[in-house]
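> Residue numbers (numbering that gives the first Met the number 0): 0 to 460.
For each residue, glycine too, the CB sits at the ideal point set by N, CA and C.
Treat the numbers as computed from the prediction; the structure is a model and nothing was measured.
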Amino acid sequence: MAVGKGVSAMFNKEILGSVTLQTDCGALRGNERENCLEFLGVPYAHAGRFEYAVPVEKWDGVLDATRPGPACPQNRAWHEHLENPTRRFYKREFREGSVFVYDEDCLNLNIFTPKKAEGCPVILFFHGGGFDSGINSEDPFDGAAFAARGIVTVFANYRLGPLGWLTHEEIRAKTGRDGNFGLDDQLAAIRWVKQNIAAFGGDGGNITLLGQSAGAISIQYHCLNHANAGLFRRAAMMSGGGMFPRFALPRRAEDTHAYWRDYMDAAGCATLDELRSASLDTLFDAVEEIKKRRKDSIYNTMPVIDGVLLPAPVDELIKTPLPLDYLLGFTNTDMYAPLMAYIALRFARANGGYVYFFDLDAPGDGNGGFHSSDLRYMFGTLASSWRPYGARDEGASGQLLGYLSNFARTGEPNGPGLPPWERTGKGRARVLRIASESTKMSYVNYWRLSSNFLKRGDPKA
């Protein structure tokens, strides 16, 4: 496996000591913190380049789970211009000061548990990043606040970019499908957690999938495949739940082969075997080259209709999703904010879900409630940010933590001390509006969402 740059990032939290846990896969050593235990970099699967994941069943000796594991190699780590001062918004938000290991053997989990946990509800989180970036140990992703509420929280890495989404005729001829390596990784993580989380104090029969942006879209796809029935009980999707316009829907794998042939040409590789053995520099130089040649990369480097994980077109599958408990949300300056609101509400109306509208501007600049701004509130990690969050921000964060903890426990977000949240039904649906003055049920003002988006757009990534 090819290895990238840097040293492992560390969570900036006080470690009180170490703790050893015995699981069916073997023993592992993690960290004890004030409010939780953490087991970092726990491998759930291994996979060769452009091969499907093989679950981890055993490891030798005592696994060191005291620091995050490697992240999937990704384009932004290979090309400095993607992190230059004009494109540093999300780096400053979530990655500033962290240095990560990038390695193709990256399928690992960060697991946070209450102390003396037993039979706790489980939240399994998939990060966003447009299907080509993201790391499970970025700054907001800490499960201590959920552990304090009796929830086991798991953060998963999965494959991205060309490593996650390449399609090729040879792969289909060999396996009966191609593409969707990243989506397959996520499914392997769900299965591993369901089978093994009891050793960490979690209830494998009560798993809530939580995702944001590309992670939320991924969860939506898992919810459309009835072969996944019984693997998880609930789904919470932040800025990505619902069906996107037809032009942005997954294509058939076969319809992306021409794009990936052009990509291989850009990499100077005539065969799939040559691409498998090429350096990561070659792979990511080709990403930049293909962007110059074609303008449709975004529609080809994402999940595809493969006949297995996505067995049919999404606009057909979404008519009969899995009968689960659903929770969806969007922010006031979200990426394509009016669209995010519309697709979330449409899906919730059809499936009786709960919808929140995060209408709270992040303090410190003029970017409003930008895409991803609700992540720190959801995980209770405001204190590690540079932003001058205040009492209302802390209160809103506590409410989101309370709502999602209740939802993970019972499928019902309401509980003592929380403003009532109505389930969305047919007709003109209301949403839970989390704003600077209060949290209460409200109708969505699409005109204001459109105005916010047109005025501010999305910050540079």
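Per DSSP, what are the beta-bridge partners of C119 in this structure?
The residue given as residue 119 occupies position 120 in the sequence shown. Paired residue(s): G201.
> Go ahead and pull the three-state DSSP assignment for E37.
Locating residue 37 in the sequence shown gives position 38, counting from the first residue. Here E37 sits in strand by DSSP.
> Does K454 come out as helix, strand or coil in the three-state DSSP assignment?
Position 455 of the sequence shown holds residue 454. Three-state result, K454: helix.
> How do the stretch 105 to 125 and the stretch 208 to 217 stand: do at least 3 beta-carbon pairs fall below 8 Å, yes or no?
Yes, the stretch 105 to 125 is in contact with the stretch 208 to 217.
> Does D360 come out as helix, strand or coil in the three-state DSSP assignment?
Along the sequence shown, one-based indexing puts residue 360 at 361. It is coil, neither helix nor strand.
> Does DSSP put Q21 in a helix, in a strand, or in coil?
Within the sequence shown, residue 21 is the residue found at index 22, counting from 1. In this structure, Q21 counts as strand in the three-state DSSP scheme.
> Quick one: measure Cβ to Cβ for G163 and F130, integer angstroms, because I've assumed they're closer than 8 Å.
Stepping through the sequence shown from its first residue, residue 163 is reached at position 164. Stepping through the sequence shown from its first residue, residue 130 is reached at position 131. About 7 Å separates the two Cβ atoms, so the contact holds.
> Am I right that V430 and F346 are in contact with their C-beta atoms under 8 Å? What's the rounded C-beta distance?
Here residue 430 refers to the residue found at position 431 of the sequence shown. Here residue 346 refers to the residue found at position 347 of the sequence shown. V430 to F346, Cβ: 13 Å. No contact.
> At the level of alpha carbons, what is the spacing between S383 and P362?
As a position in the sequence shown, residue 383 is number 384, starting the count at 1. As a position in the sequence shown, residue 362 is number 363, starting the count at 1. So the two alpha carbons sit approximately 14 Å from each other.
> Count the other CB atoms, across all protein chains shown, that sit within 10 Å of the CB of D295; report buried if there are 16 or more and exposed otherwise.
Here the question's residue 295 lines up with position 296 in the sequence shown. D295 should be labelled exposed.
> In whole angstroms, give me the CA-to-CA distance for L159 and D284.
Here residue 159 refers to the residue found at position 160 when the sequence shown is read from its first residue. Here residue 284 refers to the residue found at position 285 when the sequence shown is read from its first residue. Each residue's alpha carbon lies about 15 Å from the other.
> Is there contact here, the stretch 171 to 182 with the stretch 95 to 106, by at least three beta-carbon pairs under 8 Å?
No, the stretch 171 to 182 does not touch the stretch 95 to 106.
> Grouping DSSP H, G and I as helix and E and B as strand, with all else coil, what is I317?
Position 318 of the sequence shown, counting from 1, holds the residue named residue 317. The answer is coil: DSSP assigns I317 none of H, G, I, E or B.
> What does the Cβ neighbour count give for C76, buried or exposed, with the cut at 16 atoms within 10 Å?
For the purposes of this step, residue 76 is identified with residue 77 of the sequence shown, where counting begins at 1. A quick correction: the sequence has Ala, not Cys, at residue 76. Buried is the call here.
> Under 8 Å: do the stretch 299 to 307 and the stretch 238 to 250 share three or more Cβ pairs, one atom per stretch?
Touching, yes, given that three or more Cβ pairs across the two stretches are closer than 8 Å.
> At which residue ranges does the stretch 77 to 150 contain complete beta strand (DSSP E) runs of 3 or more residues, listed in the order of the chain?
For the stretch 77 to 150, whole beta strand (DSSP E) runs of length 3 or above, ordered along the chain, are 107 to 112 and 119 to 125.
> Decide if the stretch 143 to 153 is in contact with the stretch 257 to 270; the criterion is three or more beta carbon pairs, one per stretch, under 8 Å apart.
Counting Cβ pairs under 8 Å, fewer than three are found: no touch.
> Using 8 Å as the threshold, is the stretch 440 to 455 in touch with the stretch 415 to 427, meaning 3 or more CB pairs across them?
With a cut-off of 8 Å, the stretch 415 to 427 and the stretch 440 to 455 count as touching, because enough Cβ pairs lie within range.
> Please decide whether N109 counts as near chain C, where near means a Cβ-Cβ distance under 8 Å.
No chain C is present in this structure, which holds just one protein chain.
> Kindly indicate which three-state DSSP category Q73 falls into: helix, strand or coil?
On the sequence shown, position 74 is the one that residue 73 refers to. Q73: coil per DSSP, three-state reduction.
> Skipping 5 residues on each side, what residues in its chain have a beta carbon closer than 7 Å to that of E56?
Looking up residue 56 in the sequence shown gives position 57. Hits under 7 Å: C24.
> If we ignore side chains and look at the alpha-carbon of each, how far apart do F452 and L338 end up?
Here residue 452 is taken as the residue at index 453 of the sequence shown, counted from 1. Here residue 338 is taken as the residue at index 339 of the sequence shown, counted from 1. Roughly 10 Å between the two C-alpha positions.
> Output yes or no for whether 8 Å exceeds the beta carbon distance between D183 and L321.
Working through the sequence shown from its first residue, we reach residue 183 at position 184. Working through the sequence shown from its first residue, we reach residue 321 at position 322. Cβ atoms of D183 and L321: not closer than 8 Å.
> Keeping to the same chain, check which residues put their C-beta closer than 7 Å to that of P139; ignore five residues upstream and five downstream.
Indexing the sequence shown from 1 puts residue 139 at position 140. Cβ within range, chain order: F93, L374, R375, F378 and T380.
> Could you give the distance in angstroms between the alpha-carbon of R48 and the alpha-carbon of E393?
One-based indexing of the sequence shown puts residue 48 at position 49. One-based indexing of the sequence shown puts residue 393 at position 394. Their backbone Cα atoms lie some 43 Å apart in a straight line.
> Hey, T255 and T166: beta-carbon distance below 8 Å or not?
Counting from 1 along the sequence shown, the entry for residue 255 is found at position 256. Counting from 1 along the sequence shown, the entry for residue 166 is found at position 167. In contact: T255 and T166 (Cβ atoms closer than 8 Å).
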